[in-house]
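Peer 1:
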Amino acid sequence: MAPAVRAQVTALARQFMLGDDAKEILAALRDLHDRQIAFTVDLLGEAVLSEPEADQYARRYLEILELLARETAGWKGVARPETPREGSRSATGQRPTARETGPTPILNISVKISALYSQIHPADPETAIEQISDRLRPILRKAKETGALVNFDMESYALKNLTLNLFKTIFSKPEFDREPARGLAIQAYLKDSEADLADIIAWARSRQRHVTVRLVKGAYWDYETVVAQQRGWPSPVFARKPETDANFEKLSTMLLENDDAVDAAIATHNVRSIAHALAHAERRGMDLRHFEFQMLYGMAEPVKAALLQLGCRVREYCPVGELLPGMAYLVRRLLENTSNEGFLASRYARGISREELLKKPCAAVTVEPQAHFQKPGRADLPVGQDAVAAPLAKQRVPAGFIAFQNEPPTDFTIEAERQKMRESIRDWRNQLGQRYPLIINHKSVSTHDWLPSLNPANQKEIVGYAAQATVAEADAALAAARAAWPKWARTPADERAAILEKTASFVRAEKAALCAIEILEAGKSWTEADADVAEAIDFCNFYAARMRIMGRPERTQHVAGESNFQGWWPRGVGVIIAPWNFPLAILTGMTAAALVAGNSVIIKPSDQTPVIAAHLMQLLMKAGIPPGVANLLTGPGGTVGAHLVEHPQVDFIAFTGSKEVGLKIWESAGRTRPGQMNLKKVVCEMGGKNCVIVDSDADMDEAVAGCLASAFGYQGQKCSALSRLIVLEDNYDAFLQRFIAAAASMRVGPAHDPGNLIGPVISRDAQQRILKMIETGKKEAVLAWQGKVPDNPEACYVPTTIFTGVPPDSRLFREEIFGPVLAVSKARDFNEALTLANTGEFALTGGCYSRSPANIKRVKGEMVCGNLYINRSITGAIVERQPFGGFRMSGGGTKAGGREYLENFTVTRVVTENCLRRGFAPEEEEP
Ligand code: FDA
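Taking my numbering, the leading residue of the sequence shown gets 34, the next gets one more, and so forth.
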């Protein structure tokens, strides 16, 4: 069965791709040439995972250029038989030049820039441009030597600005200012495309050298739409196909009319789009050889033949390479050929009439120039009637309540956002070393001791000093919280929710500043810090939305003559004990849930991140939290934390942190002390030893990238991080080789530099502890690879480390390390993989990369973890979408960011009222 399927898929692929055999490639190109069709060659494969892969890709381009130059040396340019029609002229009114009427150049290659650097980061386009340029330069030199044109393909929207900037940067260098010939693709489905095209035309004109612009509609429509929806960003693409078609016509006109600066390559199979360009050229009396049509290999053969007959220039886009790297390309072609929206399927499969197909695309829609024209950047995109970008429909919200919406992450491809972040970091560097007192009853309380909070990337940099509470201040905070509680508990739920929503809006307004603090205080990368702050906003808004719902008692049953309603009361006074690894999100989440439910709290942040906690406290006060309802108590956990946990006047503890401390709290809170009125509730989130299984048939590109992010994102210091990777035997060697190469390509350095994917660990203590564990690991298993770290004694770096051959009973396999250390195991089969995965005391996150429906079904049913992720990374849970939390020694099963989370901070009451009045049952009122 498998060989037959393989043969069929290969045959299918061959319809659209030329394969990787040099002889076959040359024969196919020769065949095109004989038919007067020019070519552009594209090397299959995109988005490389490691620097060796990027090197290899660049090398292959040089090889193919050399091969094609050698083999096509004797070929004559594809010349059209007839001479220009009499009186024909270019759009500028000048006589046609040799460029315009001469033979079509033979050598033409298409390059995907994502294949030339593995560490492209939206927040650091400058480094990407440098690195890609290094690999491009030899290709451009070879193109100069061989007279080839180099075209930049256009990929996903996230790479669009980078591609345009790279293009202008490298072709402005004296070495490439005149040669080789250059071109790039513009995607008409993008709302920005008109502005981008205008910019390229102006640029080409200013440099007095032509650019070939390949006008395409765009091949990633589904992807862009889904990504925008998932992130809550406005969609960058038009929502309706006729809008894209109309824009394509508009831009093709623009291209033809600016032929003094750009050479038009109209790339489409759509007869209406082609006819429109032809008609416009004819109207302007342009020579048909003045521009070219481009189509994909294996598609729309009759259209190509017709254009040749008309005397047009035709070029085919010919992808070469192996099937697997070409899978993404093949999928795009199959989607296009089967899409209900697509021209080809409409014409051939659905038999739509000629009149319908040739109809003006935008009779019903008008394509206005976008606001973007003046101000490039995703944030400026008009959302308007853009239905596809409407965030996540179908949410479960009772009538009369507003649905919660997640805070979108910052799009760092926008220069203004990067600038804001750079400035915030700079501003914060000028404010370091301040003192942050305790806040009790809204009053600042200074103490005898002040603990410095140090930048983990530079231990000499003191981010701030936190007041160190003693038991006396802990008691004062508790007294304030107790005194404030009754009034707060009776404050209507809607009012409490409004204060939380206001806090969220203040956090949003200070997003860049808060990120800057996290970057300096916790060593979070730009994107990790941004995600943490966004999650804090989400927690405030989500719990506020839930409280508004829970604030209305719910009828339990309808029964005549009696009303029965269930409602929620706050528990009382609680202590919030938060970790440093999500310094704002977790702290805010636990605090917001407790507060909005009507409790008063003492916030006890981590010793490592008191500065960000002090800012949260300020924002809560600014938003209107009454005095005493929230109190900030920085200080030693061992004394003040323990004192509060044991205190009979404390009704609940919300804790996130290590298993060691969590279990102590659990035990201590279980003991009832004299004067205690409540059974203490403990909301306890602890660690994990999380596992991902990579199946034999897993998509390697996805698995390598996802596992890398899961294991080493924020240096592995997430309770959700991947620490045990189990790879099926068949895939093991190939996977490990790519995985290690990809890990070795990750940039390491201080978190304030946005290009660094790996930063320091949180503290000197953590560094020493992890390094010690690595030494233990060396005795237990095989050190397969270890990265390098910058030589800076003031920074707390730990080299990224990968162990193989890790025995299931070793400490490496069982103990949480909380650092960039990964244990990789080989499994004979899926049974063994699952058994290994389910070994151990933790059950937090887990994952599996597989294409097998049977195995996916098995992990869904059998993998022991609180949050299971299939075919994606296992970190980065989103509020409401992925309620987060584990069981076993990972926690009490509570789900932060879930619909039921607030119930942990409440007690439930039922009120029953007899409504019968001597046999008369009046109409019931809602409470
Ligand atoms: P057709 O008229 O059927 O249009 C299909 C296109 O419409 C889709 O591809 C999409 O862009 C758009 N569309 C579909 N549904 C839509 C909706 N609901 N709302 C709005 N728009 C919708 N692509 C790319 O992204 N980068 C590149 O570098 C290249 N390079 C390239 C070179 C050459 C020579 C060709 C011919 C094509 C490309 N492409 C490309 C692919 C190109 O973007 C496009 O996917 C195909 O050519 C199909 O478009 P047609 O105009 O041929 O068909």
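Where a beta carbon is used, it is the ideal one built from N, C-alpha and C, also for glycine. Note that the structure is a prediction, hence the values are computed from the model and not measured.
Is residue 94 near the ligand FDA, judged by its Cβ being under 8 Å from some heavy atom?
Peer 2: Sequence index remark: in the sequence shown, residue 94 carries index 61 (1-based). No, the Cβ of residue 94 stays beyond 8 Å of every heavy atom of the ligand FDA.
Peer 1: Near residue 332, which residues of its chain fall below 6 Å by C-beta distance, leaving aside the five closest residues on each side in sequence?
Peer 2: In the sequence shown, counting from the first residue as 1, residue 332 sits at position 299. The residues are 302.
Peer 1: Which residues mark the beginning and the end of the beta strand (DSSP E) in which residue 843 is found?
Peer 2: As a working mapping, residue 843 is identified with position 810 in the sequence shown. It is not in any beta strand (DSSP E) - residue 843 carries neither H nor E in the DSSP assignment.
Peer 1: Tell me, to the nearest whole angstrom, how far the beta carbon of residue 665 is from that of residue 506; I am working on the premise that it is less than 8 Å.
Peer 2: Here the question's residue 665 lines up with position 632 in the sequence shown. Here the question's residue 506 lines up with position 473 in the sequence shown. No, residue 665 and residue 506 are not in contact; Cβ-Cβ is about 10 Å, not under 8 Å.
Peer 1: Taking the alpha carbon of residue 390 as the reference point, which residue from 489, 96, 307 and 255 has its own alpha carbon closest?
Peer 2: Here residue 390 corresponds to residue number 357 of the sequence shown, with the count starting at 1. Of 489, 96, 307 and 255, the residue nearest in Cα terms is 307.
Peer 1: Would you list the residues sitting across from residue 599 in a DSSP beta bridge?
Peer 2: As a first step, residue 599 is located in the sequence shown; it is residue number 566 there, counting from the start. Paired residue(s): 587 and 943.
Peer 1: Can you say whether residue 591 is buried or exposed, counting buried as having 16 or more other CB atoms within 10 angstroms of its CB?
Peer 2: On the sequence shown, residue 591 is found 558 positions in, with the first residue counted as 1. Classification of residue 591: exposed, given that the 10 Å Cβ count is below 16.
Peer 1: For the ligand FDA, is there any heavy atom lying closer than 8 Å to the beta carbon of residue 270?
Peer 2: For the purposes of this step, residue 270 is identified with residue 237 of the sequence shown, where counting begins at 1. At least one heavy atom of the ligand FDA is nearer than 8 Å to the Cβ of residue 270, so yes.
Peer 1: Is the beta carbon of residue 329 within less than 8 Å of some heavy atom of the ligand FDA?
Peer 2: Working through the sequence shown from its first residue, we reach residue 329 at position 296. Yes, the ligand FDA has a heavy atom inside 8 Å of this Cβ.
Peer 1: Kindly examine the ligand NAD and report whether one of its heavy atoms sits closer than 8 Å to the Cβ of residue 865.
Peer 2: Among the ligands modelled here, namely the ligand FDA, the ligand NAD does not occur.
Peer 1: Assuming contact is defined by CB atoms lying nearer than 9 Å, are residue 778 and residue 85 in contact in what I supplied?
Peer 2: Within the sequence shown, the letter at position 745 stands for residue 778. Within the sequence shown, the letter at position 52 stands for residue 85. Result yes, Cβ atoms of residue 778 and residue 85 sit closer than 9 Å.
Peer 1: Starting from the C-beta of residue 920, find all residues in its chain whose C-beta is less than 7 Å away, skip the five residues before and the five after it, and write them out in chain order.
Peer 2: For the purposes of this step, residue 920 is identified with residue 887 of the sequence shown, where counting begins at 1. These residues qualify, in order along the chain: 876, 899 and 926.
Peer 1: Looking at C-alpha atoms only, which residue of 746, 44 and 608 is the closest neighbour of residue 702?
Peer 2: Along the sequence shown, read from residue 1 onward, the residue named residue 702 stands at position 669. Taking only the C-alpha atoms, the option nearest residue 702 is 608.
Peer 1: Which residues mark the beginning and the end of the alpha helix (DSSP H) in which residue 297 is found?
Peer 2: For the purposes of this step, residue 297 is taken as residue 264 along the sequence shown, with counting starting at 1. Residue 297 -> not in any alpha helix (DSSP H); beta strand (DSSP E) instead, spanning 295-300.
Peer 1: How long is the line joining the alpha carbons of residue 942 and residue 663, rounded to whole angstroms?
Peer 2: On the sequence shown, residue 942 is found 909 positions in, with the first residue counted as 1. On the sequence shown, residue 663 is found 630 positions in, with the first residue counted as 1. Rounded to whole angstroms, residue 942 to residue 663 spans 25 Å at the Cα level.
Peer 1: Consult DSSP for residue 757 and reduce its assignment to one of helix, strand or coil.
Peer 2: By 1-based counting over the sequence shown, the position of residue 757 is 724. Strand, per DSSP.
Peer 1: Express the C-alpha separation of residue 150 and residue 207 in angstroms, rounding to a whole number.
Peer 2: One-based indexing of the sequence shown puts residue 207 at position 174. One-based indexing of the sequence shown puts residue 150 at position 117. Cα to Cα, the separation comes out at about 23 Å.
Peer 1: Could you please give me the residues that DSSP links to residue 725 through a beta bridge?
Peer 2: As a working note, residue 725 is residue 692 in the sequence shown. 758 and 880, per the DSSP bridge assignment.
Peer 1: Looking only at its own chain, which residues have a Cβ that is under 8 Å from the Cβ of residue 98, when we skip the five neighbours before and after it?
Peer 2: Residue mapping note: residue 98 aligns to position 65 of the sequence shown, counting from 1. These residues qualify, in order along the chain: 140, 142, 172, 175, 176, 179 and 181.
Peer 1: Can you tell me whether residue 266 is buried or exposed? The criterion is at least 16 other CB atoms within 10 Å of its CB, across all chains shown.
Peer 2: Numbered from its first residue, the sequence shown carries residue 266 at position 233. It counts as buried.
Peer 1: So, at 6 Å on beta carbons, what are the nonlocal neighbours of residue 51 in its own chain, with the 5 sequence-adjacent residues on each side left out?
Peer 2: In the sequence shown, counting from the first residue as 1, residue 51 sits at position 18. These residues qualify, in order along the chain: 58, 61, 351 and 353.
Peer 1: What is the DSSP secondary structure of residue 632, reduced to helix, strand or coil?
Peer 2: Start at 1 with the first residue of the sequence shown, and residue 632 comes out as number 599. Coil at residue 632, not helix or strand.
Peer 1: Compare the beta carbon distance of residue 748 and residue 853 with 9 Å and say whether it is the shorter of the two.
Peer 2: Your numbering for residue 748 matches position 715 in the sequence shown. Your numbering for residue 853 matches position 820 in the sequence shown. Against a cut-off of 9 Å, the Cβ pair of residue 853 and residue 748 comes out as a contact.
Peer 1: Is the segment 205-222 in contact with the segment 231-247, if contact means three or more CB pairs nearer than 8 Å?
Peer 2: Yes: at least three Cβ pairs fall under 8 Å.
Peer 1: Less than 9 Å separating the beta-carbons of residue 762 and residue 870?
Peer 2: Counting from 1 along the sequence shown, the entry for residue 762 is found at position 729. Counting from 1 along the sequence shown, the entry for residue 870 is found at position 837. No, these two residues do not count as a Cβ contact at 9 Å.
Peer 1: From this set, 346, 277 and 447, which residue's C-alpha is nearest residue 393's C-alpha?
Peer 2: Counting from one through the sequence shown, the residue named residue 393 turns up at place 360. Residue 277 is the option with its Cα nearest to residue 393.
Peer 1: Just to confirm before moving on: does the CB-CB distance between residue 640 and residue 756 stay below 9 Å?
Peer 2: By 1-based counting over the sequence shown, the position of residue 640 is 607. By 1-based counting over the sequence shown, the position of residue 756 is 723. For residue 640 and residue 756, no; Cβs fall outside 9 Å.
Peer 1: Taking residue 494 as the reference, give the member of 882, 467 and 896 with the closest Cα.
Peer 2: Counting from one through the sequence shown, the residue named residue 494 turns up at place 461. The option with the nearest alpha carbon to residue 494 is 467.
Peer 1: Do residue 851 and the ligand FDA come close, with the Cβ less than 8 Å from some heavy atom?
Peer 2: Start at 1 with the first residue of the sequence shown, and residue 851 comes out as number 818. Checking the Cβ of residue 851 against the ligand FDA gives no.
Peer 1: Can you tell me whether residue 21 is helix, strand or coil according to DSSP?
Peer 2: Because the chain spans 34 through 960 in this model, residue 21 falls outside it and cannot be assessed.
Peer 1: So which of 195, 915 and 148 has the shortest CA-CA distance to residue 158?
Peer 2: Within the sequence shown, numbered from 1, the residue matching residue 158 stands at position 125. Among 195, 915 and 148, the Cα nearest to that of residue 158 is on 195.
Peer 1: For residue 501, I'd like the list of residues in its chain whose CB is within less than 7 Å of its CB, leaving aside the five on either flank, ordered along the chain.
Peer 2: Residue 501 sits at position 468 when you count from the first residue of the sequence shown. Same-chain partners within the cutoff: 480, 482, 483, 484, 667, 668 and 669.
Peer 1: State buried or exposed for residue 388, treating a residue as buried only when at least 16 other CB atoms are found within 10 Å of its CB.
Peer 2: Here residue 388 is taken as the residue at index 355 of the sequence shown, counted from 1. It counts as exposed.
Peer 1: Report the three-state DSSP secondary structure of residue 488 (helix, strand or coil).
Peer 2: The residue given as residue 488 occupies position 455 in the sequence shown. Three-state result, residue 488: strand.
Peer 1: Between the alpha carbons of residue 325 and residue 347, how many angstroms are there, rounded?
Peer 2: Start at 1 with the first residue of the sequence shown, and residue 325 comes out as number 292. Start at 1 with the first residue of the sequence shown, and residue 347 comes out as number 314. Their backbone Cα atoms lie some 6 Å apart in a straight line.
Peer 1: Indicate whether residue 935 and residue 449 have their beta-carbon atoms separated by less than 9 Å.
Peer 2: Residue mapping note: residue 935 aligns to position 902 of the sequence shown, counting from 1. Residue mapping note: residue 449 aligns to position 416 of the sequence shown, counting from 1. No, the pair does not count as a contact, with Cβ atoms beyond the cut-off.
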